[in-house]
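One structure is given here, and the rest of the page talks about it.
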Amino acid sequence: MAGVQDATVLAETRLAAALPRRWRHVQSVALRAAWAADRLSLPGDLVAAAWLHDIGYAPELAVTGFHPLDGARFLGRVGINGQVVSLVAYHSCAQIEAGVRGLADELAGEFSPAEPVLADVLLWCDMTTGPDGDHMRPADRLAEIRRRYGPGHVVTRFVDLAAAEILAAAGRVEMMLAHHLPSCPGRWPDSLSGCWASRTSDRPGVAGHSHRTKPGWTILGQRNAGRGRRGLMAWSPRRSRGSRLGLQVDLPAGLKLVEV
Ligand SMILES: [Fe+2]
């Protein structure tokens, strides 16, 4: 194995009853992975890995307490294919957390790195999905993890070390997705229509922010928001008393609009 259906059953068996909150998160991550895989023409291994990425949290599988390693070891034992196992082993910058936990040699010795694009997209799915399956921006997700684990916790220390790489990877994926707009199904609160703002350039691979418009709204472009701020104007087809309804989104300092 594993096809997507096998992965779904395996994840549900290990997580749904034992860890229902984690299971809600996993279902949403998998939904986003299925959407991204379709949008970006990526293989089913991505979706299978999304279903299985947190299986190492299952109480009966937790040996080291480092869920990417525990999960990947289990998946290797039950015959899951190598690419899926690698994606799980290294998901969401697990190699950095392995270093914090003193498990870097075990991880690198037992598992090959995953294919980079698939790893980035899996990270994006995970880092845009909150613990209850709700949609979150990556920076908010990192803040949520820090709050949940608290100062000094090994996971918080990992997030502090990995934040730049996590945001960069998520940015690379949002750049890819920006060229495959616009509709997004399932639990996404907004459509993905909008624009992309980059810190330094219009190349993929740079950290940045995405901005989403309300459904049915169209980004018109940048405008000067005063006092040196830049902003975005969005346009609704509805008019109020003959005037435009505008939505202004502040563009964070140092970012420029590169995709509309
Ligand atoms: Fe996750």
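Number 259 marks the last residue of the sequence shown (numbering that gives the first Met the number 0); no jumps. Even for Gly, the Cβ is constructed at its ideal location relative to N, Cα and C.
Remark: the shortest separation between the CB of His24 and any heavy atom of ligand 1 falls under 7 Å.
A straight line joining the alpha-carbon of Thr155 with that of Glu114 spans about 26 Å. Excluding the 5 residues flanking it on each side, Gln26 has same chain C-beta neighbours closer than 7 Å at Gly132, in chain order.
Under DSSP, Thr128 takes part in a beta bridge, and its partners are His134. Per DSSP, reduced to three states, the secondary structure at Asp53 is coil, with no helix or strand assignment. By the Cβ test, the segment 114-125 is in contact with the segment 43-63, since at least three Cβ pairs between them sit closer than 8 Å. In this structure, DSSP gives Val158 a helical state, which the three-state scheme calls helix. Closest by C-alpha distance to Thr7, out of Trp50, Trp34, Leu30, is Trp50. Just so you know, the alpha carbons of Gly64 and Gly170 end up roughly 29 Å apart.
DSSP places Ser111 outside both helix and strand once states are collapsed to three, so it counts as coil. Annotated three-state conformation of Tyr148 is helix, per DSSP. Nearest in C-alpha terms to Met126, of all of Tyr148, Asp159, Leu166, Phe73, is Leu166. Here Gly78 is exposed. Its C-beta has fewer than 16 other C-beta atoms within 10 Å. Counting other Cβ atoms within 10 Å of its Cβ, Ala16 stays below 16 and is therefore classed as exposed. Bounds of the alpha helix (DSSP H) holding Phe73 are 66-76. Apart from the 5 residues on each side of it in sequence, Ala97 sits with its Cβ closer than 6 Å to the Cβ of Ala103, Leu106 in its chain, given in chain order. In this structure, DSSP gives Gly81 a helical state, which the three-state scheme calls helix.
For Glu96, the enclosing alpha helix (DSSP H) covers residues 93-100. In terms of CA proximity to Gln94, Ser111 leads the group Val3, Thr12, Met175, Ser111. Taking 7 Å as the cut-off, one finds at least one heavy atom of ligand 1 near enough to the beta carbon of His52. One thing to note: Ala57 has its Cβ within 8 Å of the Cβ of Leu18. Of the candidates Val83, Val62, Arg13, His134, the residue whose Cα lies closest to the Cα of Val3 is Val83.
Close CB contacts of Gly81 within its chain, under the 8 Å cut and outside five residues either way in sequence, are with Ser111 (chain order). Measuring C-alpha to C-alpha distances from His66 to each of Ala88, Gly75, Arg76 identifies Ala88 as the nearest. Around the CB of Pro150, fewer than 16 other CB atoms lie within 10 Å, so the residue is classed as exposed. Around Glu164, the same chain offers Cys92, Ile95 as residues with beta carbons nearer than 8 Å, after the five sequence neighbours per side are excluded.
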